[in-house]
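Going down the list, the protein sequences come from chains R and L. For the first sequence, full-length UniProt numbering begins at 1 and goes up steadily by one. For the second sequence, full-length UniProt numbering begins at 1 and goes up steadily by one. C-beta: ideal position from N, C-alpha, C; glycine also.
Number of protein chains: 2
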Amino acid sequence: MGEKWVLMKTAQTPTNIAVIKYWGKRDETLILPVNDSISVTLDPAHLCTTTTVAVSPAFQQDRMWLNGKEIPLSGGRYQNCLREIRKRAREVEDKEKGIKIEKKDWEKLHLHIASYNNFPTAAGLASSAAGFACLVFALAKLMNVEEDESQLSAIARQGSGSACRSLFGGFVKWIMGKEEDGSDSLAVQLVDEKHWDDLFIIIAVVSSRQKETSSTSGMRESVETSLLLQHRAKEVVPKRTVQMEEAIKNRDFASFAKLTCADSNQFHAVCLDTSPPIFYMNDTSHRIISHVEKWNRSEGSPQVAYTFDAGPNAVLIARDRKAAAQLLQRLLFSFPPKSDTDLDSYIIGDKTILQDAGVEGLKDVEALSPPPENGSAQKYPGDVDYFICTRPGKGPILLSNEKLALLDPETGLPK
Amino acid sequence: MGEKWVLMKTAQTPTNIAVIKYWGKRDETLILPVNDSISVTLDPAHLCTTTTVAVSPAFQQDRMWLNGKEIPLSGGRYQNCLREIRKRAREVEDKEKGIKIEKKDWEKLHLHIASYNNFPTAAGLASSAAGFACLVFALAKLMNVEEDESQLSAIARQGSGSACRSLFGGFVKWIMGKEEDGSDSLAVQLVDEKHWDDLFIIIAVVSSRQKETSSTSGMRESVETSLLLQHRAKEVVPKRTVQMEEAIKNRDFASFAKLTCADSNQFHAVCLDTSPPIFYMNDTSHRIISHVEKWNRSEGSPQVAYTFDAGPNAVLIARDRKAAAQLLQRLLFSFPPKSDTDLDSYIIGDKTILQDAGVEGLKDVEALSPPPENGSAQKYPGDVDYFICTRPGKGPILLSNEKLALLDPETGLPK
Numbered sequence: 001m002g003e004k005w006v007l008m009k010t011a012q013t014p015t016n017i018a019v020i021k022y023w024g025k026r027d028e029t030l031i032l033p034v035n036d037s038i039s040v041t042l043d044p045a046h047l048c049t050t051t052t053v054a055v056s057p058a059f060q061q062d063r064m065w066l067n068g069k070e071i072p073l074s075g076g077r078y079q080n081c082l083r084e085i086r087k088r089a090r091e092v093e094d095k096e097k098g099i100k101i102e103k104k105d106w107e108k109l110h111l112h113i114a115s116y117n118n119f120p121t122a123a124g125l126a127s128s129a130a131g132f133a134c135l136v137f138a139l140a141k142l143m144n145v146e147e148d149e150s151q152l153s154a155i156a157r158q159g160s161g162s163a164c165r166s167l168f169g170g171f172v173k174w175i176m177g178k179e180e181d182g183s184d185s186l187a188v189q190l191v192d193e194k195h196w197d198d199l200f201i202i203i204a205v206v207s208s209r210q211k212e213t214s215s216t217s218g219m220r221e222s223v224e225t226s227l228l229l230q231h232r233a234k235e236v237v238p239k240r241t242v243q244m245e246e247a248i249k250n251r252d253f254a255s256f257a258k259l260t261c262a263d264s265n266q267f268h269a270v271c272l273d274t275s276p277p278i279f280y281m282n283d284t285s286h287r288i289i290s291h292v293e294k295w296n297r298s299e300g301s302p303q304v305a306y307t308f309d310a311g312p313n314a315v316l317i318a319r320d321r322k323a324a325a326q327l328l329q330r331l332l333f334s335f336p337p338k339s340d341t342d343l344d345s346y347i348i349g350d351k352t353i354l355q356d357a358g359v360e361g362l363k364d365v366e367a368l369s370p371p372p373e374n375g376s377a378q379k380y381p382g383d384v385d386y387f388i389c390t391r392p393g394k395g396p397i398l399l400s401n402e403k404l405a406l407l408d409p410e411t412g413l414p415k
Numbered sequence: 001m002g003e004k005w006v007l008m009k010t011a012q013t014p015t016n017i018a019v020i021k022y023w024g025k026r027d028e029t030l031i032l033p034v035n036d037s038i039s040v041t042l043d044p045a046h047l048c049t050t051t052t053v054a055v056s057p058a059f060q061q062d063r064m065w066l067n068g069k070e071i072p073l074s075g076g077r078y079q080n081c082l083r084e085i086r087k088r089a090r091e092v093e094d095k096e097k098g099i100k101i102e103k104k105d106w107e108k109l110h111l112h113i114a115s116y117n118n119f120p121t122a123a124g125l126a127s128s129a130a131g132f133a134c135l136v137f138a139l140a141k142l143m144n145v146e147e148d149e150s151q152l153s154a155i156a157r158q159g160s161g162s163a164c165r166s167l168f169g170g171f172v173k174w175i176m177g178k179e180e181d182g183s184d185s186l187a188v189q190l191v192d193e194k195h196w197d198d199l200f201i202i203i204a205v206v207s208s209r210q211k212e213t214s215s216t217s218g219m220r221e222s223v224e225t226s227l228l229l230q231h232r233a234k235e236v237v238p239k240r241t242v243q244m245e246e247a248i249k250n251r252d253f254a255s256f257a258k259l260t261c262a263d264s265n266q267f268h269a270v271c272l273d274t275s276p277p278i279f280y281m282n283d284t285s286h287r288i289i290s291h292v293e294k295w296n297r298s299e300g301s302p303q304v305a306y307t308f309d310a311g312p313n314a315v316l317i318a319r320d321r322k323a324a325a326q327l328l329q330r331l332l333f334s335f336p337p338k339s340d341t342d343l344d345s346y347i348i349g350d351k352t353i354l355q356d357a358g359v360e361g362l363k364d365v366e367a368l369s370p371p372p373e374n375g376s377a378q379k380y381p382g383d384v385d386y387f388i389c390t391r392p393g394k395g396p397i398l399l400s401n402e403k404l405a406l407l408d409p410e411t412g413l414p415k
């Protein structure tokens, strides 16, 4: 069929949130961390990246579109991923379409890549993690790469460190590794998403007036200037990682919550110990923490764990659906939408939790009574942009339905 | 003259701000710290405590008034100071008034104490430091105590840790000591207030909606739960203290500013690493830091150092009067008074700096142009309550003018 064919694969990959934080590289180019980290994968139904990769002898160069806009592929991080995955490409044959690509052909063939996040990229929700994981996973499928998810994770890691943890569902550990070439710095699944399926997650997307330090430059500055970072990496995290694995294995929510909150706070402490200091959390983040701490204390055992990445957004992990409903009531009481915001755009993701919380409209929000443990009962309308309700979720999947592809099967250009 | 006489002394004692922070006790009762600390004494003309102590055979019990209100003296901290100072009391004779107190009489005689702060106690400006230092200093004078200021500082320390540093002017070091009884945990003067008299200090009293954790309970929780505190105390502070002493000795402002800012940030990092986390700084504090960091960077060398205690207030130490005037312009641009506030109550202390800044009225504040290094130029009216302009200052003094006494010389009761 001459030089007209286009071969495509489309994949969907989740984002993840660390409960033991990655902060600091020992190698900037290979993206090798100073400590192990552990994450929970978020349900791709609510937060994921979809990526279509295509190959065709008609393509003149590698090109990429992110959320519909073409972006340059010249950056080292993209180049590293493309080079590593091309190295591992194998023979591909599609008899139906009469296509045969030899192993050696991959070096000459160009790629088209289209990627799309089902959540706002600007919200600081680690879109690069899902993005690079999805790119590597989709290319591996297209190129018939033999390597397993862990080996792929070591490639995705070179695009964005935390991307390696998005190659699996459930709870995932990024082993820092020891080798200088980074070959043993990869992700492994601790348990799949069914192991602990009581958990429910609410993300508060917090309004911010500040421009934030990127995590790449932030962690470089921490490594260079914080006198606490090495102590954390060498003395604190190794023990904490063992305890966290144990807590996850035993579904021990009290330990899980204690470790998750302590590690989030310590990561932000290291940011503050950086020169100049880095502030990711703001007054709203602090208020959410205070509310959760008060409620947990009043209940006698933790109902909710909190964790914050390189931004003011709170990721709140509730022990179960009931606790999540009570949490949502508390959050909506203190952080109601502004008067011009409708509930349907204020609570997104798994909206069924609203029924559990007994909140069906803005009137129900106004009628919420102050949480008994909350002394001040002050309200902060507008301080949260919106809430995403979700759960732990599964790892990357291939989408076989061609209608979901982001590239046109004829032209290989964005639809 | 029978049992009617009243003998009084009145003293004035400065407050101080730590540039190497004290955070964490190794002994709660004796108030022994986990590390050395270094402070600068603030000019008592703007921030001080005045205390009158009186003794009379007519007094029925020990009594104390703080800012005109009687307060209980039953607390352990007051009792410790009173006990220790009474132990060291000596014979006192006032031939003019015909009074003679034998050493042994002091155990039976009762005291009246009146204390007054010339700054808002609620502003979180370490009023207890000046307060306990003044109490101990005034009692030592009344009781003809032989001990020198360092020895008195070890007594004041048992009232409030940082009080020991208020027994001297200039720059002061609190040596943590090694003895279990605390006898070698005391303050020494590094240099007096004339050694580095270029420095100018502006304190931004920041509005706060949050109720803050007291430093006493905060540092207890940090000692119990922070995994970074011991590393800071044992590994970081000892080296930093040596560097800070060197910087002060050489009037090396660049090193002084770097160390001061880093140590303030690390103290707040340890607070954040505490469980539950302690937040003393708020968004306004963060903004002030960002402004100072940006300006220092744009100038190529530090113009201003910042340090924050257990609250959101910024203490800004400018390298000289010129830098202070430029700092004040920047602060007034970003944090102007609310429209109903007059400049006279918004800038207190040494107001002469206003002329240097070219600001004589609210119109001049409105006319200020945005600092060239500040990209956003956003304004936050009302986020700062007021500014106190001051300088490094002298240590405690005895006030001989009886008109300044806070107790009536006849009755021994508050005037």
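Report the rounded CA-to-CA distance for L:N374 versus L:I248, giving the unit in angstroms.
-> Numbered from its first residue, the second sequence carries residue 374 of chain L at position 374. Numbered from its first residue, the second sequence carries residue 248 of chain L at position 248. L:N374 and L:I248 have their C-alpha atoms spaced approximately 30 Å apart.
Neighbour list for R:E293 in chain L, Cβ cutoff strictly below 7 Å | Mapped onto the first sequence, residue 293 of chain R falls at position 293. In chain order: P276.
Looking only at C-alpha atoms, which of R:K351, R:S56, R:D408 and R:W23 sits nearest to R:I388?
-> Walking along the first sequence from the start, residue 388 of chain R turns up at place 388. Comparing Cα-Cα distances from R:I388 to each of R:K351, R:S56, R:D408 and R:W23, the minimum goes to R:K351.
Is the CB of L:N118 under 7 Å away from at least one CB in chain R?
-> Taking the second sequence and counting its residues from 1, one reaches residue 118 of chain L at position 118. Chain R has no Cβ within less than 7 Å of the Cβ of L:N118.
Contacts around R:K394, its chain only, beta-carbon distance under 6 Å, and the 5 residues preceding and following it disregarded = Translated into the one-based positions of the first sequence, residue 394 of chain R becomes position 394. Counting only Cβ-Cβ distances below 6 Å, and skipping sequence neighbours, we find G169 and E193.
Label L:I20 either buried or exposed according to how many other C-beta atoms from any shown protein chain fall within 10 Å of its C-beta, with 16 as the threshold for buried.
-> Along the second sequence, one-based indexing puts residue 20 of chain L at 20. With 16 or more Cβ atoms within 10 Å of its Cβ, L:I20 is classed as buried.
So, does the CB of L:L227 fall closer than 7 Å to a CB anywhere in chain R?
-> In the second sequence, the residue the question calls residue 227 of chain L occupies position 227. Using a CB distance cut-off of 7 Å, L:L227 counts as an interface residue toward chain R.
Hey, could you find the ends of the alpha helix (DSSP H) L:Q329 is sitting in?
-> As a first step, residue 329 of chain L must be located in the second sequence, where it is residue number 329. Where L:Q329 is concerned, the enclosing alpha helix (DSSP H) stretches over R321 to S334.
Consult DSSP for L:M64 and reduce its assignment to one of helix, strand or coil.
-> Residue 64 of chain L sits at position 64 when you count from the first residue of the second sequence. Three-state result, L:M64: strand.
What are the boundary residues of the beta strand (DSSP E) that includes R:P414?
-> Looking up residue 414 of chain R in the first sequence gives position 414. Unbroken run through R:P414: none, as it is neither H nor E.
Tell me which same chain residues have a C-beta within less than 8 Å of the C-beta of R:P372, skipping the five on either side of it?
-> By 1-based counting over the first sequence, the position of residue 372 of chain R is 372. If you ignore the 5 residues before and after R:P372, its C-beta comes within less than 8 Å of the C-beta of S298, all in its own chain and listed in chain order.
Alpha carbon to alpha carbon, how far is L:H46 from L:V315?
-> Along the second sequence, read from residue 1 onward, the residue named residue 46 of chain L stands at position 46. Along the second sequence, read from residue 1 onward, the residue named residue 315 of chain L stands at position 315. Spanning the two alpha carbons is a distance of roughly 14 Å.
To which residues of the same chain is L:I155 closer than 7 Å at the C-beta, ignoring the five residues directly before and after it?
-> In the second sequence, residue 155 of chain L corresponds to position 155, counting from 1. Excluding sequence neighbours, L:I155 sits near C81, E84, I85 and V136.
L:R77 versus R:F253: straight-line alpha-carbon distance, rounded | Translated into the one-based positions of the second sequence, residue 77 of chain L becomes position 77. Translated into the one-based positions of the first sequence, residue 253 of chain R becomes position 253. About 41 Å.
Identify which residue in R:F335, R:R319 and R:I353 has its Cα closest to the Cα of R:E366.
-> Position 366 of the first sequence, counted from the first residue, corresponds to residue 366 of chain R. For R:E366, the nearest C-alpha among the options comes from R:F335.
Report yes or no: is there a C-beta of chain R within less than 7 Å of the C-beta of L:V172?
-> Here residue 172 of chain L refers to the residue found at position 172 of the second sequence. Judged by the 7 Å Cβ criterion, L:V172 is not in contact with chain R.
Please go through the stretch 321 to 403 of chain L and give each complete alpha helix (DSSP H) segment of 4 or more residues, from N-terminal end onward.
-> 321 to 334, 343 to 346, 353 to 356 and 362 to 367, all fully within the stretch 321 to 403 of chain L.
First through last residue of the beta strand (DSSP E) which encompasses R:L42 | In the first sequence, residue 42 of chain R corresponds to position 42, counting from 1. No beta strand (DSSP E) contains R:L42, which DSSP labels as neither H nor E.
Taking L:I203 as the reference, which of L:F59, L:D408, L:L332 and L:L7 has the closest Cα?
-> The residue given as residue 203 of chain L occupies position 203 in the second sequence. When C-alpha distances from L:I203 are compared across L:F59, L:D408, L:L332 and L:L7, the shortest belongs to L:L332.
Euclidean distance between Cα positions of L:H231 and R:N282 = Position 231 of the second sequence, counted from the first residue, corresponds to residue 231 of chain L. Position 282 of the first sequence, counted from the first residue, corresponds to residue 282 of chain R. Cα to Cα, L:H231 sits roughly 26 Å from R:N282.
Any idea what DSSP makes of L:S56, helix, strand or coil?
-> Translated into positions along the second sequence, residue 56 of chain L becomes position 56. DSSP places L:S56 in strand when its eight states are reduced to three.
Host alpha helix (DSSP H) of R:S150 (start-end) = For this step, residue 150 of chain R is matched to residue 150 along the first sequence. Element bounds for R:S150: E149 to A156.
Thinking just about the alpha-carbon of each residue, which of R:T41, R:Q60 and R:V145 is nearest to the one in R:A130?
-> As a position in the first sequence, residue 130 of chain R is number 130, starting the count at 1. R:A130 has its Cα closest to that of R:T41, out of R:T41, R:Q60 and R:V145.
Does the distance from the CB of R:R287 to the CB of R:Q303 come in under 7 Å?
-> Taking the first residue of the first sequence as 1, we reach residue 287 of chain R at position 287. Taking the first residue of the first sequence as 1, we reach residue 303 of chain R at position 303. Against a cut-off of 7 Å, the Cβ pair of R:Q303 and R:R287 comes out as no contact.
Measuring CA to CA, which of L:I17, L:T241, L:K25 and L:T411 is closest to L:L125?
-> Here residue 125 of chain L corresponds to residue number 125 of the second sequence, with the count starting at 1. Taking each of L:I17, L:T241, L:K25 and L:T411 in turn and checking the Cα distance to L:L125, the smallest one comes out for L:I17.
May I ask you to report which of helix, strand or coil DSSP gives R:A163?
-> Here residue 163 of chain R is taken as the residue at index 163 of the first sequence, counted from 1. Reduced to three states, the DSSP call for R:A163 is helix.
For the alpha helix (DSSP H) holding R:F132, just list the boundary residues, first then last.
-> For the purposes of this step, residue 132 of chain R is taken as the residue at position 132 of the first sequence. Start and end: S127 to L142.
Presumed contact (8 Å Cβ cut-off) between R:A138 and R:T10, rounded CB distance | The count along the first sequence starts at 1 and reaches residue 138 of chain R at position 138. The count along the first sequence starts at 1 and reaches residue 10 of chain R at position 10. The pair is a contact, with the Cβ atoms about 7 Å apart (cut-off 8 Å).
Using a Cβ-Cβ cut-off of less than 8 Å, give me the residues of the stretch 33 to 56 of chain L that come near chain R, in sequence order.
-> Taking 8 Å as the Cβ-Cβ cut-off against chain R, none of the residues of the stretch 33 to 56 of chain L qualify.
How long is the line joining the alpha carbons of L:A377 and L:D383, rounded to whole angstroms?
-> Sequence index remark: in the second sequence, residue 377 of chain L carries index 377 (1-based). Sequence index remark: in the second sequence, residue 383 of chain L carries index 383 (1-based). A direct Cα-Cα distance of roughly 15 Å separates L:A377 from L:D383.
Go ahead and label R:N401 buried or exposed: buried means 16 or more other beta carbons lie within 10 angstroms of its beta carbon, across all protein chains shown.
-> The residue you call residue 401 of chain R lines up with position 401 of the first sequence. Per the 10 Å Cβ criterion, exposed.
Any heavy atom of the ligand ADP closer than 6 Å to the CB of L:V172?
-> The model on display carries no ligand, and the ligand ADP is accordingly not part of it.
Helix, strand or coil for R:D105 per DSSP?
-> By one-based count along the first sequence, residue 105 of chain R stands at place 105. Three-state result, R:D105: helix.
R:C134 and R:T13 closer than 7 Å at C-beta = Taking the first sequence and counting its residues from 1, one reaches residue 134 of chain R at position 134. Taking the first sequence and counting its residues from 1, one reaches residue 13 of chain R at position 13. In contact: R:C134 and R:T13 (Cβ atoms closer than 7 Å).
Does the beta carbon of R:F256 sit closer than 7 Å to a beta carbon anywhere in chain L?
-> Numbered from 1 along the first sequence, position 256 holds the residue referred to as residue 256 of chain R. No, R:F256 does not count as interfacial toward chain L.
Closer than 7 Å to chain R by CB, L:N313 = By one-based count along the second sequence, residue 313 of chain L stands at place 313. It does not: the Cβ of L:N313 has no partner Cβ on chain R nearer than 7 Å.
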